Amino acid sequence: MRHRITEQALMRTSELDYHLPEGCIATEPARPRDSAKLMVIRRSSPANIEHLAARDLPEFLSSGDILLSNRTTVLRARLEGFREGSTGRISGLFLGPSEDSTPGVWRALLKMNRAQPGKVVRLTDRNDQPSPYSLHLIEKLDDEPGGWIVNVHHNDVPLDPSKTTRVLDEVGRTPLPPYILATRNAHNEQSDDTRDAADYSTVFQQNKPDAHGSVAAPTAGLHFTQELLAKLHTKGIHQKHVTLHVGTGTFRTIETETVEDHPMHTEWCSMDRNTVNDVRSCDGLRVAIGTTTVRTLESYAAHMLQHNEVPASISTKLLITPGYEFKWTDALLTNFHLPRSTLLALVAAMLPGGIEQLKSLYEIAIENKYRFYSFGDAMLILP
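Counting the sequence shown from 1 gives a position; the working numbering is that position plus 720.
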């Protein structure tokens, strides 16, 4: 059930390349969600591959197993607007309150030419009409390309800090990945933000009314329905939750020559004491729903080895590549990921054949018309 640590050479980023034919990118989820295709792989018998549906997950789990999900809230974090004094469109992403929680100050990602301190972005609402909100650029973020510290105004008055969620509720849009929006545009597909917000939220989402959450969905959780959860419960499979707020770095393309040299992003994660105790004492499989859940489990495992105490939360920069010894993760349900991503390296680490085995499985998925990326189909990796 545990992985042995092995001697591994550094992983070349080029190993994470693969060709995905046009038409394989899903632009909306399967309906119903648990009708998504499910490829099942066993590390103990790699040649035995099954093609089923997400609703069949209970067949592969037993009473006493633990299924762990990420219950983070996806914020309506995508922003649209225009530069003051111009009609040129500007897009952006809310990254969170300022690090020191200065009232009315945000961290934001802005796609904007000639951005400089003092410039003002007027935000538009979801109907592309002018709103009373504006972003006043203060200074660049050192650790986020295209990132800025901005002062948020309402009717040209600094925003009351308690109103951040109101701004996102009124003008924020669902932060679908750019490749989904680009694919929709290429095929003249219409977007409906109300529908997208529902589609891009998991059944595990907490929906806390604050400004802390994710700018991307933990997409493996999108395959679950209340009916599927009920079947799992009936079978005696325990359902536990962690929280990791997904940041922009999760999907950032690796640009260094080796994966290990990639400047890994930091993400906030949390597990409560009861969940930690259940995971440590589990005699069955500990099944992670998605890579963000894996990173939370393994970050807490590493912390516990060093400190033997359960922290309320952790800021993790954990990078998992082939050769990593998993401590609290026995099985993984995950989507099919983008080339040159840290997510692809993590999934490869779960397989005895590493990245070559994973790319072979991706070729099989393409042949069987699996759908890829955030709204795509799923893979279950078992011991």
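Note that CB positions come from ideal geometry on N, CA and C, so glycine has one too.
No experiment lies behind these values; they were computed from the predicted model shown.
Check your understanding: Just to confirm, are V794 and Y899 a CB contact at a threshold of 7 Å?
Key -> Within the sequence shown, residue 794 is the residue found at index 74, counting from 1. Within the sequence shown, residue 899 is the residue found at index 179, counting from 1. No, these two residues do not count as a Cβ contact at 7 Å.
Exercise for review: Just grab the DSSP bridge partners of G816 for me.
Suggested key: In the sequence shown, the residue the question calls residue 816 occupies position 96. The partner list for G816 (beta bridge, DSSP) reads R827.
Point to revise | R1000 - DSSP class collapsed to helix/strand/coil | key: Position 280 of the sequence shown, counted from the first residue, corresponds to residue 1000. It is helical.
Practice item. Would you mind giving the Cβ-Cβ distance between T1036 and R1015, rounded to the nearest angstrom? I have them listed as a contact below 8 Å. Key: Along the sequence shown, one-based indexing puts residue 1036 at 316. Along the sequence shown, one-based indexing puts residue 1015 at 295. Confirmed, Cβ separation roughly 6 Å.
Practice item. Kindly provide the ranges of any alpha helix (DSSP H) runs that are 4 or more residues long and lie completely inside the stretch 1012-1091, ordered along the chain. Key: 1062-1069, 1074-1087
Check your understanding: Going by other Cβ atoms of all chains shown within 10 Å of its Cβ, with 16 needed for buried, is D893 buried or exposed?
Key -> Sequence index remark: in the sequence shown, residue 893 carries index 173 (1-based). Residue 893 is actually Arg in this sequence, not Asp. The residue is buried, with at least 16 neighbouring Cβ atoms inside 10 Å.
Exercise for review: With DSSP as the reference, label F802 as helix, strand or coil.
Suggested key: On the sequence shown, position 82 is the one that residue 802 refers to. In the structure shown, F802 sits in a strand (DSSP, three-state: E or B).
Review point. Can G967 and H982 be called in contact, C-beta distance under 7 Å?
Key: Here the question's residue 967 lines up with position 247 in the sequence shown. Here the question's residue 982 lines up with position 262 in the sequence shown. Their beta carbons are not under 7 Å apart, which means G967 does not touch H982 by this criterion.
Exercise for review: Look at the alpha carbon of M759 and the alpha carbon of Q836, and state the distance between them as a whole number of angstroms.
Suggested key: Within the sequence shown, residue 759 is the residue found at index 39, counting from 1. Within the sequence shown, residue 836 is the residue found at index 116, counting from 1. Each residue's Cα considered, the two are about 48 Å apart.
Point to revise | Reference S1001, options I786, K883, E742, closest by Cα | key: Position 281 of the sequence shown, counted from the first residue, corresponds to residue 1001. With distances taken between Cα atoms, S1001 lies closest to I786.
Practice item. Reducing DSSP to helix, strand and coil, say where T726 ends up. Key: Within the sequence shown, numbered from 1, the residue matching residue 726 stands at position 6. Confidence at T726 is low in this model, with a pLDDT of 47, below 50, so its placement is unreliable and the value that follows should be read with caution. Three-state result, T726: coil.
Review point. Should L772 be flagged as near chain C, meaning a C-beta pair shorter than 7 Å?
Key: Among the protein chains of the structure shown there is no chain C, as only one such chain exists.
Review point. Who pairs with L948 in a beta bridge, going by DSSP?
Key: In the sequence shown, the residue the question calls residue 948 occupies position 228. Answer is none; L948 lacks a bridge partner.
**Study point:** Residue from D820, I1086, S734 whose Cα sits closest to the Cα of P881
**Key:** Position 161 of the sequence shown, counting from 1, holds the residue named residue 881. For the residues D820, I1086, S734, the minimum Cα distance to P881 belongs to D820.
Practice item. Report the three-state DSSP secondary structure of P878 (helix, strand or coil). Key: Locating residue 878 in the sequence shown gives position 158, where the first residue counts as 1. Three-state result, P878: strand.
Point to revise | Own chain partners of N871 with C-beta closer than 7 Å, once the 5 adjacent residues on each side are dropped | key: Indexing the sequence shown from 1 puts residue 871 at position 151. Here the set comprises G824, V825, H856, I858, P878.
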